[in-house]
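Peer 1:
In the working numbering, the protein residues as written are 53 to 407.
(1) Is it the case that the stretch 181-201 contacts the stretch 147-154, given that we only count it when at least three CB pairs across the two stretches are under 8 Å?
(2) I think residue 357 touches residue 230, with their Cβ atoms under 8 Å apart; what is that distance to the nearest whole Å?
(3) Do residue 214 and residue 159 have their C-beta atoms within less than 8 Å of each other?
(4) If I follow the unbroken beta strand (DSSP E) through residue 303, where does it start and stop?
(5) To the nearest angstrom, how far is the alpha carbon of residue 344 from that of residue 221?
(6) Would you report the Cα separation of residue 129 and residue 390, rounded to the nearest angstrom?
(7) Helix, strand or coil: how does DSSP classify residue 257 here?
(8) With burial defined as no fewer than 16 other Cβ atoms inside 10 Å of the residue's Cβ, what is the status of residue 338: buried or exposed?
(9) Starting from residue 294, trace the beta strand (DSSP E) in both directions and tell me its first and last residue.
(10) Could you pull out every residue in the same chain whose Cβ sits closer than 6 Å to the Cβ of residue 57, ignoring the five residues on either side in sequence?
(11) Tell me whether the beta-carbon of residue 388 lies closer than 8 Å to the beta-carbon of residue 225.
(12) Check this for me: beta carbons of residue 179 and residue 249, under 8 Å apart or not?
(13) Can residue 234 and residue 374 be called in contact, C-beta distance under 8 Å?
(14) Taking just the CA atoms, how far does residue 174 sit from residue 209?
(15) At the level of alpha carbons, what is the spacing between residue 236 and residue 164?
(16) Kindly list the residues whose CB is nearer than 6 Å to the CB of residue 187, restricted to its own chain and excluding five residues on each side of it in sequence; keep chain order.
(17) So the candidates are 269, 363, 298; which of them puts its Cα closest to the Cα of residue 317?
(18) Following the continuous alpha helix (DSSP H) through residue 81, name the residue where it begins and the one where it ends.
(19) Please classify residue 153 as buried or exposed, where buried requires at least 16 neighbouring CB atoms within 10 angstroms.
(20) Roughly how far, in whole angstroms, is the beta-carbon of residue 289 from the beta-carbon of residue 319, given that I think they are within contact range, below 8 Å?
(21) Scan the stretch 349-395 and note each continuous alpha helix (DSSP H) run of 4 residues or more that stays entirely inside, going in chain order.
(22) Inspect the beta-carbon positions of residue 181 and residue 219 and report whether they are closer than 8 Å.
(23) Would residue 162 and residue 252 qualify as a contact pair, given that the criterion is a beta-carbon distance under 8 Å?
(24) Would a C-beta distance cut-off of 8 Å place residue 96 and residue 54 closer than the cut-off?
(25) Please look up how many angstroms separate the CB atoms of residue 324 and residue 197, rounded, as I've assumed it's under 8 Å.
(26) Ends of the beta strand (DSSP E) at residue 228?
(27) Using the Cα positions of residue 394 and residue 275, report the straight-line distance between them to the nearest angstrom.
(28) Hey, how far is the Cα of residue 116 from the Cα of residue 139?
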């Protein structure tokens, strides 16, 4: 571990020098990339320095054990230092787990009503409120791209762009079907109903992140269909993008602005092409890269919100919390942290199997 930490520290100081190089500073793309790696390494460098200081103090304390006058003091110091050393070793093991490069990306965040009619739309609205309060606590920037409101409240569909630090890594486990069990406002008999809404969290790609040649793209515009008044009949705001080599198609008519629809369609196309490329890569490395906690499949039930019991259950990690009243107000850190810990444990286990 010491050798690995030393190599990381060498890399960190090299990047630090690069950030003061005028040639790097003048190249914004390169500077941004180096800054990101530098920031990612800083935490582990700081922790490793504390760890090595403790190792040095433990070594000194062990030498003091040979001196009868210093033995008692040395034993007391070792009793204090050894638990700190063990705790830091566990922390370093987690920090050494390779990060998914997609974790740092901003996201397209979609919430859609599912089975359950009007109650599903109301629940989608409740999820929107829950997430927006959570985004505020994390100081994430939120932009509403499109809204399709439900007939009695809530949303049939709402699309957001969320930006900040490591957004996809924070939110990626929210993808999937969210189920609610409660007495709907529209229920006159007081019976508990089950409804659902789906959440899709999609990393926001830049064109250079995915192997796509602009010359391979066919871009068409057309008039949006569906609700929207006169606008949809007069303006060719909807965009369809076809990737000619693969035949993959992505489109968007979410926004009234063509440039925004072009961006959303491009994100969807990039995501599809990226999935194809990643699947190909996974096969080439014999499937070593695992889908560790959930798949994000819309059809997969990931979480249940049971109002009569004030209970929330995340089915992927068998986590049950009796604090739905707080969770629906945006207090979802405990759930997200538990999912992240499960992912890290799986990654550590996979790394040990490969050794």
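The C-beta atom is built at its ideal place from N, Cα and C for all residues, glycine as well.
Peer 2: Put simply:
(1) no
(2) 7 Å
(3) yes
(4) 300-304
(5) A caution first: residue 344 carries a pLDDT of 29, below 50, which makes its placement in the model too unreliable to give a value.
(6) 34 Å
(7) coil
(8) Confidence at residue 338 is low in this model, with a pLDDT of 34, below 50, so the placement of that residue should be treated as unreliable; the coordinate-derived value is given next. Counting Cβ neighbours within 10 Å, residue 338 comes out exposed, since fewer than 16 surround it.
(9) 290-295
(10) 100
(11) yes
(12) yes
(13) no
(14) 11 Å
(15) 18 Å
(16) 194
(17) 269
(18) 80-116
(19) exposed
(20) Their Cβ separation, rounded to whole angstroms, is 17 Å, which puts residue 289 and residue 319 out of contact at 8 Å.
(21) 376-379
(22) no
(23) yes
(24) no
(25) Not a contact, Cβ separation roughly 19 Å.
(26) 228-234
(27) 45 Å
(28) 24 Å
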